[in-house]
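Chemist: Here it is, the structure in full.
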Amino acid sequence: MSALLALNGISLAYETASGLVPAVRELSLNLDKGSIACLLGASGSGKTTVLRAIAGFEPLRAGSIELDGTVLSNASTRIAPEHRHVGMMFQDYALFPHLSVERNIGFGLRRWQKSRRSARVQELLELVGLQGSGHRYPHELSGGQQQRVALARALAPEPELLLLDEPFSNLDVDTREHLAFEVRDILKKMGHTAILVTHNQAEAFAIADRIGIMQEGVIVQWDTPYGLHNNPANDFVANFIRREALMAQRAQAYLRGEAAAAGLSGG
Amino acid sequence: MASTTKARLDQAAEAGQTAAAADLSRNSSQVRQPRGSRYAPGLSNRLRNMLRAGIGWPSAALLIAACVLAPVAALGWFALQGDSSHWTHLLQFVLPTAMTNTVLLLLGVGVLVACLGVGSAWLVTAYDFPLRRTLSWALLLPLAVPTYIVAFAYLDILHPIGPVQGLIRDILGYDSPRQFRLPDLRSLPGAIFLLGFVLYPYVYLSTRIMFSTQAASLLEAARVLGESGRSVFFRVALPMARPAIAVGVSLALLETLNDIGASEFLGIQTLTVSVYTTWVTRNDLAGAAQIALAMLAIVAVLILAERHGRRKQRYAGNQRARAMCPERLSGLKALAACLLGCIPVAVGFLAPAAYLLNETLKRLHQVGVVSDQLLQSAWNTVSIAFCATLLTLACGLVVAWAVRCARQASSLAHRLAQAGARVATTGYALPGTVLAIGLLTPFIMFDHVLAAMLQLLGNADPGLILMGSGTALVLAYAIRFMAISIGSLEAGLARIPPSMEQAARLLGESPAGALRRVHLPLLRPALGAAALLVFVDAMKELSATLLLRPVNFDTLATWLYAEAARGTYEEGAVAALAIVLAGLIPVILLARTQFKMSR
């Protein structure tokens, strides 16, 4: 079986006053249908740029992006975002404030028949556990609820691929972990293919089948969570994983009120 | 985040560090050796990039910018058409007087608005006294009184046999104007006095915002360092407010340059008045264009001053700043501060407004009804202002949206759209007469060609179609007020995060679809505010209207001008009051939005 998504040696760069600044260098990866991948890295490692390129918001300097055998982007052409069958969940959720939850979810179903559309909206409300909230407006919802609406809206037009840009970063720590598992369950249940971008190792390990560690525009290791943890490819990965794990551990200890035990006393 | 990316990558590149490119076919966890990177696509690629970069919206924005520039270009071309005898005549008889008058007027008004504006802003920022809160918005009220109306009103109020001078004579015991009279208002100092008192709010507004949003900590620091109140003002507040003062003064002076009514009523032969008379009475278009070019030179200086001021202002963040705590005054000092603060409001707004109200009531009492001509011109005003508002908003939306979209399309498109926006927003600086002369020539030519073609086809002479239908007028308003709509809509769009259109795009909408379904509903308040501001400004406009209106077509402003020119003050006050009342709406809007955070 061939991969659903293929990035073939893509390079991206930002145009600044002083010239081109490379952001992603000859990056390649393949993703199977139904699997969930995660790009993990510090801010500035180029992971969000990759996501934006798949969505069609960034022009490629070299390489190509293929979805189900169709070329979405290469150095000379770029299919418009609205024609890509790619869904995206944004870091700030980007819910339309002037539309109710139902109309937000139904936004991408404009061309569907009315009865089919409302059935699909109800189905998604149920899927994310927000039955009965369809008439409410985004500002009336909690952060976690807004996030579910954003997920439902992205899934509504049945995209072939779902992109999630730091989806949990606006939530508090408790909700975050809980929701990461919940999102994974939803995606797996419906057989969706997804790429998540995050700087948070706990999120990555909670949700992804396969993780790519990014550094300075390249993926330094592409592996399962288990593989990363036990066979880090180099010192960078090993340090990154360990530091992240340590910090997560400390943060959790701190939240439990064990500041002293976590070595944070006096801070 | 972008800057960290850049810093990191620059570092990496300089160190010659070749990053590893991983081949990420499944199950492979080994790292391949780097193959070196290439980021310079070929020329043909670049070309294709440009074409697919979404040039449509930026092109529309550039087209609008070209329409704004066209009158200036036409002006230059026509100025060159005049023969040299024109020039010598102009240089000998017209330009020296007009230029001197204009420069003196600008200097005088500049000094007066700076003093009044900064003084009143400091008064309500640094001191607390009775009526302070009321004054802090009431000081904006003179903005509602156009320059030609304040001159119209004061000519009567301060007339030698008018109420004020009569009162003074009664008090001093004189019984005839021959024995005692105030200096004549129809003079350069008189014009400076009147224009200064209605235009100072531009300076007041920009300085007040400056003082109240970022002065607090600095001024308090100065206080703690042992400076007295007065020296804090001169050593810290005033230098800090310089960019804001520059912006405010330039705007006030552009307004002065634009003014035709006040200088005409007060008998000051300024450049603006010369342009008007050269065309209307001497029918000399080339001459008018030449004087207009001289005015453009002054405009250019003022724009540069304003832009310079704004650039300096930009770094003064204003979100988190806290207002300074004013010093409480009591007793005589409080009374003095209160009276001092009331003077600009009384002179610039209360007195003329009360006069106009009184005259209107008297007129209505005597006659009972307003004339049909006045109603007709009111209707003309509203309908033409309405058309102009629609056009201005539509153009503003195209330009603002082009800038927004292009940011994501490509840097070339972005640069084009921004250049378009910058040009399109300079129309506000063109004095109405200059703009009118620039539009007049192409429109008349076009109308003649059109008429000739229609006559060839066997029709009767249709006359001047575009000029006669008011098309030129609507276009002039749109050019002059486009900055308002672009500015307002850009600010409105800036509050909508870019993820909104990205979300809409990924849910299957084209850019235009995203604009229609997401941004237009979210922009409704900004559109409403812009519409109101443009509408009222179009209602008040006099200098371009005088030159471009169709024959026998009067707006309230031109009606008032004609009454004043004839010296028949019959219904002028009614028209003036209507304009002032309409002008109050944007002032109230401005006061509410600007001072919400800084009370």
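Top line first, the protein sequences correspond to chains A and B.
The C-terminal position of the first sequence is numbered 267 in the numbering used here, with every residue numbered one higher than the one before it.
The C-terminal position of the second sequence is numbered 599 in the numbering used here, with every residue numbered one higher than the one before it.
Glycine is no exception: its CB is placed at the ideal position from the N, C-alpha and C atoms.
So what does DSSP say about residue 60/A, is it helix, strand or coil?
Modeler: coil
Chemist: Answer yes or no: do residue 558/B and residue 566/B have a C-beta to C-beta separation smaller than 8 angstroms?
Modeler: no
Chemist: With 8 angstroms as the threshold, decide whether the Cβ of residue 499/B is near any Cβ in chain A.
Modeler: Residue 499/B counts as touching chain A.
Chemist: Please classify residue 535/B as buried or exposed, where buried requires at least 16 other C-beta atoms within 10 Å of its C-beta.
Modeler: buried
Chemist: For residue 62/B, which of 336/B, 273/B, 152/B, 420/B has the nearest alpha-carbon?
Modeler: 420/B
Chemist: Where residue 523/B and residue 489/B are concerned, what is the direct C-alpha to C-alpha distance, given to the nearest angstrom?
Modeler: 7 angstroms
Chemist: How about residue 102/A and residue 139/A: do their beta carbons lie closer than 8 angstroms?
Modeler: no
Chemist: Are the C-beta of residue 92/B and some C-beta of chain D separated by less than 8 angstroms?
Modeler: The structure shown contains no chain D; its protein chains are A and B.
Chemist: Express the C-alpha separation of residue 50/A and residue 167/A in angstroms, rounding to a whole number.
Modeler: C-alpha separation (whole angstroms): 16 angstroms.
Chemist: Could you name the residues of the same chain whose beta carbon sits closer than 6 angstroms to that of residue 447/B, not counting the 5 residues immediately before and after it, in chain order?
Modeler: 464, 465, 466, 467
Chemist: Just the C-alpha distance for residue 514/B and residue 361/B, rounded to the nearest angstrom, thanks.
Modeler: 52 angstroms
Chemist: Please confirm whether residue 299/B and residue 429/B have their CB atoms less than 8 angstroms apart.
Modeler: A contact, by the Cβ cut-off of 8 angstroms.
Chemist: Under 8 angstroms Cβ to Cβ from residue 310/B, same chain only, skipping five residues before and after it: list those, please.
Modeler: 243, 247
Chemist: Could you check whether residue 470/B and residue 384/B sit closer than 8 angstroms to each other, using their CB atoms as the reference points?
Modeler: yes
Chemist: Tell me the DSSP secondary structure of residue 109/B in three-state form.
Modeler: Residue state for residue 109/B is assigned as helix, using DSSP reduced to three classes.
Chemist: Could you check which residue in 83/A, 60/A, 16/A has the C-alpha nearest to that of residue 70/A?
Modeler: 83/A
Chemist: Cutting at 7 angstroms between CB atoms, please list the residues of its own chain near residue 564/B, excluding the five before and the five after it.
Modeler: 152, 265, 572
Chemist: Rounded to the nearest angstrom, what separates residue 600/B and residue 423/B at their Cα positions?
Modeler: One cannot answer for residue 600/B here, as it falls past the ends of chain B, which runs 1 to 599.
Chemist: Can you give me the C-alpha to C-alpha distance between residue 459/B and residue 449/B, rounded to a whole angstrom?
Modeler: 14 angstroms
Chemist: What are the residues in the segment 138–167 of chain A lying within 9 angstroms of chain B by C-beta distance?
Modeler: Along the segment 138–167 of chain A, going in chain order, the ones with a CB nearer than 9 angstroms to a CB of chain B are 150, 153, 154, 156, 157, 159, 163, 165.
Chemist: Which runs of the beta strand (DSSP E) at least 3 residues long sit entirely within the segment 53–122 of chain A? Give them in chain order.
Modeler: 62–67, 70–74, 86–89
Chemist: Pick helix, strand or coil for residue 360/B, following the three-state DSSP scheme.
Modeler: helix
Chemist: Can you give me the Cβ contacts of residue 589/B inside the same chain, cut-off strictly under 6 angstroms, excluding the 5 residues immediately before and after it?
Modeler: none
Chemist: Do you know offhand how far residue 60/A's Cα is from residue 114/B's?
Modeler: 53 angstroms
Chemist: Is the CB of residue 508/B under 8 angstroms away from at least one CB in chain A?
Modeler: With 8 angstroms as the cut-off, residue 508/B counts as an interface residue toward chain A.
Chemist: Along chain A, which residues have their Cβ under 9 angstroms away from the Cβ of residue 522/B?
Modeler: 96, 97, 98
Chemist: Find the nearest neighbour of residue 99/A within the set 539/B, 504/B, 207/B, judged by alpha-carbon distance.
Modeler: 504/B
Chemist: Where in the segment 400–426 of chain B do unbroken runs of the beta strand (DSSP E), each at least 3 residues long, occur, reported from the N-terminal end onward?
Modeler: none
Chemist: Might you give, ordered along the chain, the residues of its own chain that have their beta carbon closer than 8 angstroms to the beta carbon of residue 160/A, omitting 5 neighbours on each side?
Modeler: Within the same chain, residue 160/A has close Cβ partners 4, 67, 68, 85, 86, 193.
Chemist: If we define contact as Cβ-Cβ less than 8 angstroms, is residue 66/A a contact residue for chain B?
Modeler: No, residue 66/A does not count as interfacial toward chain B.
Chemist: Under a CB-based cut-off of 8 angstroms, is residue 174/A close to chain B?
Modeler: It does not: the Cβ of residue 174/A has no partner Cβ on chain B nearer than 8 angstroms.
Chemist: Classify residue 91/B: buried if its beta carbon has 16 or more other beta carbons within 10 angstroms, exposed otherwise.
Modeler: Only exposed fits residue 91/B, as fewer than 16 other CB atoms lie within 10 angstroms of its CB.
Chemist: Put residue 241/A into one of helix, strand or coil per three-state DSSP.
Modeler: Correct three-state label for residue 241/A: helix.
Chemist: Any residues in the segment 49–66 of chain A with a beta carbon nearer than 7 angstroms to a beta carbon of chain B? Which ones, in chain order?
Modeler: 55, 57, 59, 61, 62
Chemist: How far does the alpha helix (DSSP H) with residue 444/B in it extend, from its first residue to its last?
Modeler: 432–456
Chemist: Note down, in chain order, all residues in the segment 127–153 of chain B with a beta-carbon under 9 angstroms from any beta-carbon belonging to chain A.
Modeler: none
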